[in-house]
Amino acid sequence: MAQQDNQFKRLVSHCKEYGFIFQSSEVYDGLSAVYDYGPYGVLLKNNIKEYWWKSMVQMHENIVGLDASIFMHPKTWKASGHVDAFNDPLIDNKDSKKRYRADVLVEDYMAKIEAKINKEVAKAKKRFGDSFDEAQFRSTNPRVLKNQEKHDAIGKRLANGMRDNLADVKALIEELGIACPESGSKNWTDVRQFNLMFSTQLGTIAGEEGKLYLRPETAQGIFVNFLNVQKTSRQKIPFGIAQIGKAFRNEIVARQFIFRMREFEQMEMQFFVRPGEEMKYYEQWKAFRLKWHKTIGSPAEKLRFHDHDNLAHYANAAVDIQFDFPFGFKELEGIHSRTDFDLTQHQELSGRKIQYYDPELKESYVPYVVETSIGCDRMFLAVMSHALTEDVVPDANGKESTRLVLRLHPAIAPIKCAVLPLLKNKEELTDKAREVFNKIKFAFDCQYDEKDAIGRRYRRQDAIGTPYCVTIDFDTLEDNTVTIRDRDSLAQERIAIDDIVKTISGKIDMSTLLSQL
RNA sequence: GCGGGUAUAGCUCAACGGUUUAGAGUGUCUGGCUUCCACCCAGAAGAUGUGAGUUCGAUUCUCACUACCUGCUCCA
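Just so we're aligned, residue -1 is where the first sequence starts under this note's numbering, counting upward by one.
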């Protein structure tokens, strides 16, 4: 555990030290669980997005893209269930430090009363035998009636309290003498509402009318555009809509660096299928998405599927792809069979028909949805945590020295090639190096560096994951060749200046990577 | 949100309540040297999270705030 902590701390400080990730608003002491991407971070993140987008949209003729707004009509979130389900009233026990949903505590208490009633009924049934009239017993037995009355009164008061009086829910819990199931303590905090959506307002005058939410997931933008996209792109089911975009969640606890942020980026694809065929595509996407991770270099032993035990209200199957982060296996991507829940909901709340006419079946239906949803920032953290390694390499005297190297897949590395004159104080070398730099900078992200000894410059590039370095030496002046040095093997090869772009392009090319999928 | 821990240069760490002008390594910058993996030499810049309190005096003790780590909790 301590070793994991250190490894994680090293990763966080590496991200800061080399300009990948900074804490948001750091000069003002930071803002909790919000982070900014620095110069290398934004390059890496963009490359990850490109890999995802091309593998999903470019590679699949039946998947098209979308960029829906962050603001959406408030009814969207009523339809999706977020307004209701993302509104948990929570209460803490001060002694046991356990947290509960206040309504669940009361409901459990009500369940106990119900159990008492049922016990009474069962007893009577045993006593009276076949002639027992349960309905009559329930409506006349004084003890049953009393308990039933109590049960109903509590239920009513809970419902009222939940609507607009959380203080009364606490009062109810105290009056009923509900104790912490774990510790038996009755020392409760106030009931607090945690709304997981951020709200803001439309227009310059505040009020209920203009209340808007920042989207907590990108998926709904896809669902409400289903018909627009399907008709204009002339897609036939099965087909998918992909989107990359920011989402916002007011998490109760946001921790672990960029793993759980309040503002984050999702890469989602909703695949629309015929009802009844969802499991076939669910399995298909499970396999494809896992392969996507392996192809970019995430090792099989750091990836695993994790089936959901409790399915969300909209799903009939759900699995996570978990990654072995420095703090353990955690969700990186989710693949969910969302049924027709979302489209049906939007159909009901909007009053518009959201259906697809299937020319083969000759009937209209609300399509079923299989979703793949990956956190872009989590993917960033996954590749960084796996890439950051320390190894032992020979130094100038042939002795062993350790180096910090970011073994990113070349296709997503922020800088593809560093151009280095062997010596700084020889103008013919620096001039030539500048010339080489200006020649290849059009092809990919390059960096020119003449400061410090050549070995140090190699190490600097290692630390930001640059896969290739070309070095201009005195031979270059004679024959227009350079040495190209490989980050991982340290091997050096002599190639012509005219071949640099071609050689490196072959190794960093996104299309080569995609063709392995 | 509750409990525990932490906060000193970009990074990693020092400094008895006062010998201090808060040190060191590393990194950064400038110059020199250097013909391929953290060389060397000379110089420079750079820090006590914020705000109160105790004290003659606070980086050091107390409290609050903020942020981070961590257990609980939550996770569409």
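Ideal Cβ positions, reconstructed from N, Cα and C, are used throughout, including at glycine.
CB of residue i within 8 Å of CB of residue j, strictly
| i | j | result |
| --- | --- | --- |
| E476 | I482 | no |
| P365 | F270 | yes |
| A416 | D447 | yes |
| F18 | F325 | no |
| L402 | A451 | no |
| D486 | R405 | yes |
| M54 | M267 | yes |
| W186 | E173 | no |
| T293 | I333 | no |
| M382 | L41 | no |
| Y49 | L359 | no |
Residue i classed as buried or exposed, judged by whether at least 16 other C-beta atoms fall within 10 angstroms
| i | result |
| --- | --- |
| F126 | exposed |
| N423 | exposed |
| S197 | exposed |
| A165 | exposed |
| T400 | exposed |
| Y26 | exposed |
| M(-1) | Its pLDDT being 46, under 50, M(-1) is placed unreliably in this model, and the value from its coordinates should be taken loosely. Burial call: exposed. |
| E346 | exposed |
| D188 | exposed |
| K397 | exposed |
| P412 | buried |
| L200 | exposed |
| K449 | exposed |
| K430 | buried |
| Q228 | buried |
| P392 | exposed |
| R458 | buried |
| E331 | buried |
| S296 | buried |
| D65 | exposed |
| G159 | buried |
Inter-residue spacing [alpha-carbon to alpha-carbon] between residue i and residue j
| i | j | result |
| --- | --- | --- |
| I372 | W283 | 13 Å |
| N289 | A252 | According to the sequence as given, residue 289 is Lys; it is not Asn. Cα to Cα, K289 sits roughly 29 Å from A252. |
| K52 | I46 | 10 Å |
| D82 | K76 | 7 Å |
| R247 | I68 | 12 Å |
| V499 | D471 | 18 Å |
| F327 | A380 | 11 Å |
| P214 | A245 | 5 Å |
| E425 | T479 | 18 Å |
| Y211 | M195 | 6 Å |
| Q264 | C374 | 5 Å |
| I235 | E281 | 17 Å |
| S129 | K123 | 9 Å |
| F323 | D150 | 48 Å |
| K184 | K168 | 11 Å |
| I410 | C13 | 16 Å |
| T230 | L418 | 50 Å |
| K209 | R141 | 49 Å |
| N547 | F321 | This structure leaves residue 547 out entirely; the chain is present only between -1 and 515. |
| K437 | D507 | 18 Å |
Bridge partner(s) assigned by DSSP for residue i
| i | result |
| --- | --- |
| P419 | I470 |
| C444 | C415 |
| Q70 | First, the residue type needs correcting, since residue 70 is Met and not Gln in the sequence shown. DSSP, once it has assigned bridges, lists no residue as partnering M70. |
| V55 | V55 is not bridged to any residue. |
| D199 | According to the sequence shown, residue 199 is Gln rather than Asp. Looking at the DSSP assignment, Q199 forms a beta bridge with K209. |
| M519 | No answer is possible for residue 519: the residues shown for the chain start at -1 and end at 515. |
| R483 | C467 and Q490 |
| F321 | L301 and K328 |
| A252 | Note: A252 sits in no beta bridge, so no partner. |
| G63 | A240 |
| Y366 | V271 |
| I19 | Y35 |
| L404 | L386 |
| Y355 | S362 |
| E147 | Paired residues: none, contrary to the question. |
Can at least three beta-carbon pairs, one atom from the segment 346 to 354 and one from the segment 29 to 45, be found at a separation below 8 Å? no
Any chance the segment 386 to 406 sits against the segment 436 to 448, with 3 or more Cβ pairs inside 8 Å? The answer is no - the segment 436 to 448 does not touch the segment 386 to 406, with fewer than three Cβ pairs under 8 Å.
Decide if the segment 330 to 341 is in contact with the segment 300 to 315; the criterion is three or more beta carbon pairs, one per stretch, under 8 Å apart. yes
Three or more beta-carbon pairs under 8 Å between the segment 219 to 228 and the segment 238 to 247, yes or no? yes
Under 8 Å, with one C-beta from each stretch per pair, do the segment 130 to 146 and the segment 106 to 115 reach the 3-pair mark? yes
Counting pairs of Cβ atoms below 8 Å between the segment 292 to 309 and the segment 257 to 277, do you hit three or more? No, the segment 292 to 309 is not in contact with the segment 257 to 277.
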